[in-house]
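The structure appears right after this line, and notes come after that.
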Amino acid sequence: MKFRKILLMELSYQLRQVSTWLYFLVMMVLAFLLVQGNFVHDARDGYHLVNAPVIVGCVTVLCCTFWLLIGGAVAGDAAARDVQTRMFSLTYTSPARKSVYLGGRLLAAFLLNGFILTGIPLGILLTMYFTGIEAELLGTFRPATYLSTYFFLVLPNAFFATSIQFALAAVTRKSMASFLGGAILFVAAYILGQVLDGPLAMRDLGTLIDPMGLTPVLAKQSSWSTIELNTRLIELEGIFLANRLVWLGISLSVLAFAYFRFQFTSPASVGSAKKSVNADSRTDSALLDWRGTASLPLESGDFNLAAGFQQLRVMVSQSFMAIAKKGSGLYLLAFIALIVGAAMPGNLKAKGVPLLASTDQVLLLLNGPLTNPGKFWILIYLLTIFYAGELLWRERESGVAELLNPAPVPNWVLFVSKFLALALMLICWLVFLTTAGILAQLAIGGASLEPSLYLKTLFGFQLIECLIFAALILFLHVLINQKYVAHLVSLIVFACIVYAANLGLEHKLLIFSASPEWSYTSMGGFQSVSAWLWFKAYWIGWSLLLAVIAKLLWVRSRETSLGARLQQMRRRFSRQTAFGLSAAVALVVLTGGFIYYNTNILNEYVPSTDITAGRAEYEHRYGRYRNLAQPLVADVDLHVEIFPGKRQFTARGNYQLVNRSPVSIDTILVAVSDLSETNGINFSPAAKLLATDREAGVLIYTLQESLSPGDSLRMNFLVEHQARGFTNNGEIQIVKNKGTNFSNREHLPVIGYQPYRELDEAGKRKEFQLAARQTNASLYDLQARKYAPFAEHIKFNAVVVTDADQLAVAPGTLRKTWTKGKRKYFHYASDALIRNEYFFFSANYASYRQIWKSSNAAFPPVAIEILNNPGHSENISLMVNSVKASLDYFSREFGPYPHKQIRFVSYPGYGMGNHASTINITAEEGFFLLNPKEDERGFDLVTAVVAHELAHQWWGNQLRYAYLEGAGLLSESLAWYTAMGVMEEKYGAGHLEKLLNFLREEYENPRTRAAVPLLMAADFYQNYRKGPLALYAMSKYIGRNKVNTAIRNLLNKHSKPGQSLSNSLDLYHELEAVTPDSVQYLLADLFKRNTFWDLEAKQAKLRKTKTGQWEVTFVVNARKSLVSARGRETEVPLRDWIEIGIYAHAKNAQERRALYLDKYLIHSKQQTITVTVPTEPAVAAIDPANLLIDWDTKDNFIEVKK
């Protein structure tokens, strides 16, 4: 045969197969779903156009990653079909060279996969132009977008995967080896490539190791500006070009290996293949040898239930061993578990700080529900699909199915044996995973093992999850009765389960195996377990139903048409089948009915579309009241009863409302919570209820007498919350048996129109005919400058009651406690005004108390209290010492702390989040598990975070600011900047540098330079990173005292009732007032303009002078540019004072000693600087402290050469 003939024959054969066209259709549908589910929404919000080149690239690489299973089917069939169909005796003896035979098959497979992948651009185009997407979301059609994506992504990906999968199948003579290759490539692309993509990881390695290009393309999406996203094509350059070349080399190497290893010999003569074939033959012969010693019982003609179980035992053992001994069996599972365990220390970190390896933290990483699987669990569910196909088709592919089919083995034995064999594989996986988790815990140390938790979670919750999925996949294989098509359908079903929400399915009764997620923490214990069990019982019922149908459909003859199988079903239907079917249906109906009663009757089920519509309707109905003058809360008096065991609380309250506006008020809007029942509202003086809208949570009252400016009135109310049953998302967790935590904002009545209830998403606002608006109001909106949610400063008094074995917490000083029966009472009252945002807590807390006393008698003592879960005490001393240091620094620099108490209060949760309301700083349980002693950077994040949260007692609780653009600068940026002073005072300049490096780590994340100026910023990076670093830079240029003076002046002008709300311009003006004229440009560059510097140490030469000193001639490159919010970059003239440093020899960067460090006027793109130092230097640097915004600082230093 000639090369061309082999190529055309293979293409002709494959194109006649229905599966080829089905694969093409699947890729087209997958592209359609990805565009609709992931990118149209962002386009409506203005982030990019739907047909932006990078978006087309993102959809393409995501589709290519999940195409690997399809690619394996095509490549494996082309490479090993002759062996599997027993045609090798003809094809291997034909007059065709090895290169012609393999080359023709390989090229055919590559062309077929290239054709199948053309379904991706076709699906994208269909979505964009035939689904009614708004014309303004689409840019000009550019053929180059699709051509560059196809030639730089699709075809290389097709070649890499096809080559590796074809080579594996050709060498092993088994098409399933190509799926193993696909699994390896999937791990490299979806798991390893993403795992290595982080601020502290080797991102370039992550890019190189990703064969599908997923990592580099997604990095471009996050780092390019809107203009770049919409206009810039994906090009072969830089690390992406290196990625393509690396995988081209790997692919060619694998093909070369396969070429030299492949021989035109009988598969039986190949050692590994011989063992496999003979083993399968022996297994199936033993299964049919009813008289052998290893066979089933010898009772002639007695095929009762006991004999069925004996057959089941033998068949389970044989099926399990057949799959377990393969390379893709237990060896692969053990290898994955080993990788998971080895990665555990790296994953058990928060912001780069190691966590205590508590069992609940480890299990958080090890569990993976079907509807939301973690990275490695995706691979396990895909392997479940693969194993199911291997088990179902083992006898047919080994050629003994025709002998086995007439054997006296009941259908239920055949199906159950496959299911139990698959279950044993999954159990072995969980054993490996448990072992990996325990070994990782022991290796990390610092926390006690809890083996019972492994048993409950992995072999309880997780195993049930796996078995339900296994039953579904086995059913699909039996139903479809075509191995590769069943694999493909299983993959589609799995994708539909995972992405059900994107398809509009939200109710968990409609998503296979879906259930509310259970949770466990050592503080909160198990949560939502009963809801999880009811849903799983429901899906077990469905699994049993599918199993009964699979038993009826089991193929035991050559007749596999639909009509024949339906006739078989009728013949096989027996009394036992009817009983099993009835039991399964009864279980589904009973559990489903109970779930529906809980989720839709006992509780209200509200789909996300209705929530969105409700937010839009709120604005439509009540937006006209946005600027209506309303009284402000001035005094709060509450009696709160918490019943942890009953999941219930009641709150009787009294507000004093004061009219602080310049006009009389005759109408009051009261916003009530949809999470609780609010009743008993009455006013004194009296008011009449004008309108009630419980759906929107709005009550409108008219006062019988208008409330004049400065006058007040009283408002009484009763709020009741009672959790009933469970919802679609699990048990309502507001009041819990362990760790209750709720806020006034969520449950107590609020006065006035609430802008935070409005619809935010730009696309949705347009859909509901709402005017476009920014996420935050404009900095220059004069009306918005008067608004801040819950900004009132109030007097607070509350009696909080809980169970006698718990401790209740509210803002203020604890004035009195007493016990009455089984209930304990706590009376709290504020010593000074607090912000109108507060929380209530109730739990079995351990309490740690100390007193802070200042050396300055003007500052009264403050009681420090840490309330946390008993046993989480590792960081208590660090936290207390940080509170003391913070109170010292903040009181001295910015004024006294106005309260007698400061608390950190823990609540259940895996996260690290903290929230600084007045007096009580809430801290998730995970924060107490940070282990800074093991941080290889030597950085104390606990002390830094505590200082940051304490700073919010000034910036956020004393300083009053409007909810505008730039508001984060007045809270988060000021909090981090002032925390720097605490860190420097406590640990010294070296540790401050570690904090600065921690904040700069965000530079390493792929991000775009496009942004609004800092004064108008509203995103995490600007508020938490750029803002504090900009303030620190100003402190180094003009002095910390001047910056602190400006901040102190801002606080004095905007902290007292009656004073105006501050905004970022007020801070800028205060800084402007203390900044010398010579560096006013820098203040504007950092805050009013989005400025970037590109600085490079180009050359440094050394010469010894006649006086014995050393002269350094230092050449630097410098460039300064402004970047607009849309990403347009403009270079501007440079005339900036920039630090120049000359350093002596040192072992490492931390020990460098500056021989010269001063600011130098840089005024040209390349400038030569001459500096004389007393001793021989080693390194020269421009902006060595990285004070300016330069995202690439690696080239700021250079070795000095003679």
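With my numbering applied, the sequence shown covers 2 to 1203. Backbone N, C-alpha and C fix where the C-beta goes; we use that ideal spot for every residue, glycine too. Since we're looking at a predicted model, the values are computed, not measured.
**Prompt:** Is it buried or exposed for Asp-1159, if we count other Cβ within 10 angstroms and need 16 for buried?
**Reply:** Locating residue 1159 in the sequence shown gives position 1158, where the first residue counts as 1. Asp-1159 should be labelled exposed.
**Item:** Euclidean distance between Cα positions of Ser-223 and Val-906
**Value:** As a working note, residue 223 is residue 222 in the sequence shown. As a working note, residue 906 is residue 905 in the sequence shown. Straight-line Cα distance between these residues: approximately 36 angstroms.
**Request:** Kindly indicate which three-state DSSP category Phe-111 falls into: helix, strand or coil?
**Result:** Against the sequence shown, residue 111 aligns to sequence position 110. Helix, per DSSP.
**Message:** Going by DSSP, what residue range makes up the alpha helix (DSSP H) through Ala-257?
**Reply:** Walking along the sequence shown from the start, residue 257 turns up at place 256. Looking at the DSSP string, the run of the alpha helix (DSSP H) that includes Ala-257 is 239-262.
**Asked** Quick one: what's got a C-beta closer than 8 angstroms to Gly-115's C-beta in the same chain, skipping five residues either side?
**Response** Locating residue 115 in the sequence shown gives position 114, where the first residue counts as 1. Answer for Gly-115: Val-155, Leu-156 and Ala-159, listed in chain order.
**Request:** May I ask which residues mark the beginning and end of the alpha helix (DSSP H) holding Thr-21?
**Result:** Mapped onto the sequence shown, residue 21 falls at position 20. 19-35 is the extent of the alpha helix (DSSP H) around Thr-21.
**Request:** Assess, as a yes-or-no matter, whether the region 914-930 is touched by the region 955-965 under the definition of 3 or more beta carbon pairs within less than 8 angstroms.
**Result:** yes
**Request:** Grab me the residues of Ile-71's own chain with a C-beta within less than 6 angstroms of its C-beta, minus the 5 sequence neighbours each way, in chain order.
**Result:** Counting from 1 along the sequence shown, the entry for residue 71 is found at position 70. Correct list, in chain order: Tyr-24.
**Message:** In the DSSP output, what is Arg-836 paired with across the bridge?
**Reply:** Start at 1 with the first residue of the sequence shown, and residue 836 comes out as number 835. DSSP lists His-794 as partners of Arg-836.
**Message:** Phe-840 and Thr-923 - do their beta-carbons sit closer together than 8 angstroms?
**Reply:** By one-based count along the sequence shown, residue 923 stands at place 922. By one-based count along the sequence shown, residue 840 stands at place 839. Going by C-beta atoms, Thr-923 is nearer than 8 angstroms to Phe-840.
**Prompt:** Whose C-beta lies closer than 8 angstroms to the C-beta of Leu-313 among residues of the same chain, with five residues either side of it excluded?
**Reply:** Translated into positions along the sequence shown, residue 313 becomes position 312. So the list reads Val-414, Val-417, Ser-418 and Leu-421, once near-sequence residues are dropped.
**Prompt:** Hey, quick one: how far does the beta strand (DSSP E) through Phe-1093 stretch, first residue to last?
**Reply:** Along the sequence shown, read from residue 1 onward, the residue named residue 1093 stands at position 1092. In this chain, the beta strand (DSSP E) harbouring Phe-1093 covers 1092-1105.
**Message:** I need the straight-line Cα distance from Ile-165 to Ala-109, nearest angstrom please.
**Reply:** The residue you call residue 165 lines up with position 164 of the sequence shown. The residue you call residue 109 lines up with position 108 of the sequence shown. Spanning the two alpha carbons is a distance of roughly 15 angstroms.
**Prompt:** For the beta strand (DSSP E) that Glu-620 lies in, which residues bound it at each end?
**Reply:** Taking the first residue of the sequence shown as 1, we reach residue 620 at position 619. No beta strand (DSSP E) holds Glu-620; the alpha helix (DSSP H) holding it covers 609-623.
**Asked** Which residues in the same chain as Val-1130 place their Cβ atom closer than 6 angstroms to its Cβ, once the five residues preceding and following it in sequence are excluded?
**Response** Within the sequence shown, numbered from 1, the residue matching residue 1130 stands at position 1129. A small fix is needed here, since residue 1130 is Glu in this sequence, not Val. Only Ser-1122 and Val-1124 meet the Cβ criterion.
**Asked** Nearest to Ala-444 by CA position, among Ser-531, Cys-467, Ser-453 and Ala-343, is which residue?
**Response** Locating residue 444 in the sequence shown gives position 443, where the first residue counts as 1. Shortest Cα-Cα distance from Ala-444 to any of Ser-531, Cys-467, Ser-453 and Ala-343 involves Ala-343.
**Prompt:** Is it true that the CB of Pro-686 sits closer than 8 angstroms to the CB of Val-659?
**Reply:** The residue given as residue 659 occupies position 658 in the sequence shown. The residue given as residue 686 occupies position 685 in the sequence shown. It is not a contact, given that the beta carbons lie outside the stated cut-off.
**Request:** Taking all protein chains shown into account, decide if His-1164 is buried (16 or more other Cβ within 10 angstroms of its Cβ) or exposed.
**Result:** On the sequence shown, residue 1164 is found 1163 positions in, with the first residue counted as 1. Exposed, by the Cβ-count rule.
**Request:** Find the nearest neighbour of Cys-429 within the set Gly-872, Gln-807, Glu-1097 and Ile-337, judged by alpha-carbon distance.
**Result:** Numbered from 1 along the sequence shown, position 428 holds the residue referred to as residue 429. Residue Ile-337 is the option with its Cα nearest to Cys-429.
**Complete runs of the alpha helix (DSSP H) confined to the region 951-984 [at least 4 residues]** = You should have found no qualifying run.
**Prompt:** Can you name the residues that DSSP bridges to Gln-1060?
**Reply:** Mapped onto the sequence shown, residue 1060 falls at position 1059. According to DSSP, Gln-1060 bridges with nothing at all.
**Item:** Straight-line Cα distance separating Glu-793 from Tyr-656
**Value:** Counting from one through the sequence shown, the residue named residue 656 turns up at place 655. Counting from one through the sequence shown, the residue named residue 793 turns up at place 792. Using only the alpha carbons, I get a separation of about 12 angstroms.
**Item:** Closest Cα partner of Leu-676 within the set Leu-1083, Asp-638, Ala-724 and Pro-645
**Value:** For the purposes of this step, residue 676 is taken as the residue at position 675 of the sequence shown. Ranking the options by Cα distance to Leu-676, first place goes to Ala-724.
**Request:** Using a threshold of 8 angstroms, state whether the C-beta atoms of Leu-1 and Tyr-978 are closer than that.
**Result:** Outside the displayed range of the chain (2 to 1203) lies residue 1, so it cannot be described from this structure.
**Coil, strand or helix - Tyr-846 by DSSP** = Taking the sequence shown and counting its residues from 1, the one referred to as residue 846 is at position 845. Coil.
**Message:** So for Met-213, helix, strand or coil by DSSP?
**Reply:** Here residue 213 corresponds to residue number 212 of the sequence shown, with the count starting at 1. Met-213: coil per DSSP, three-state reduction.
**Asked** Which ranges does the beta strand (DSSP E) cover as unbroken runs of at least 3 residues, wholly within the region 899-927, from first to last along the chain?
**Response** 902-908, 915-917 and 921-925
**Prompt:** By how many angstroms is the C-alpha of Ala-178 removed from the C-alpha of Leu-169?
**Reply:** Here residue 169 refers to the residue found at position 168 of the sequence shown. Here residue 178 refers to the residue found at position 177 of the sequence shown. Cα to Cα, the separation comes out at about 6 angstroms.
**Message:** On the criterion of 16 or more Cβ atoms from any shown chain inside 10 Å, does Asn-745 qualify as buried, or is it exposed?
**Reply:** Along the sequence shown, one-based indexing puts residue 745 at 744. Buried is the call here.
**Request:** Counting only the same chain and skipping the five closest in sequence on each side, list residues whose C-beta sits under 8 angstroms from that of Phe-1198.
**Result:** Residue numbering aside, residue 1198 sits at position 1197 when the sequence shown is read from its first letter. Excluding positions up to five away in sequence, the list reads Ala-1098, Val-1180, Ala-1181, Ala-1182 and Pro-1185.
**Message:** Excluding the 5 residues flanking Phe-797 on each side, which residues of the same chain have their C-beta closer than 6 angstroms to its C-beta?
**Reply:** By one-based count along the sequence shown, residue 797 stands at place 796. Closer than 6 angstroms at Cβ, skipping near neighbours: Val-637, Pro-812, Gly-813, Ser-831 and Ile-835.
**Request:** Tell me whether the beta-carbon of Gly-124 lies closer than 8 angstroms to the beta-carbon of Asn-503.
**Result:** Locating residue 124 in the sequence shown gives position 123, counting from the first residue. Locating residue 503 in the sequence shown gives position 502, counting from the first residue. No, the Cβ-Cβ distance between Gly-124 and Asn-503 is not below 8 angstroms.
**Asked** In or out: Trp-1094 buried (at least 16 other Cβ within 10 Å) or exposed?
**Response** Sequence index remark: in the sequence shown, residue 1094 carries index 1093 (1-based). Its Cβ being crowded by 16 or more others within 10 Å, Trp-1094 is buried.
**Whole-angstrom distance between Val-354 and Leu-393, CA atom to CA atom** = The residue given as residue 393 occupies position 392 in the sequence shown. The residue given as residue 354 occupies position 353 in the sequence shown. Roughly 47 angstroms between the two C-alpha positions.
**Prompt:** Where does Thr-435 fall in DSSP's three states?
**Reply:** The residue labelled residue 435 in the question sits at position 434 within the sequence shown. Helix, per DSSP.
**Asked** How many Å lie between Asn-628 and Asn-1053 at the Cα?
**Response** Here residue 628 corresponds to residue number 627 of the sequence shown, with the count starting at 1. Here residue 1053 corresponds to residue number 1052 of the sequence shown, with the count starting at 1. Approximately 27 angstroms, taken between the alpha carbons.
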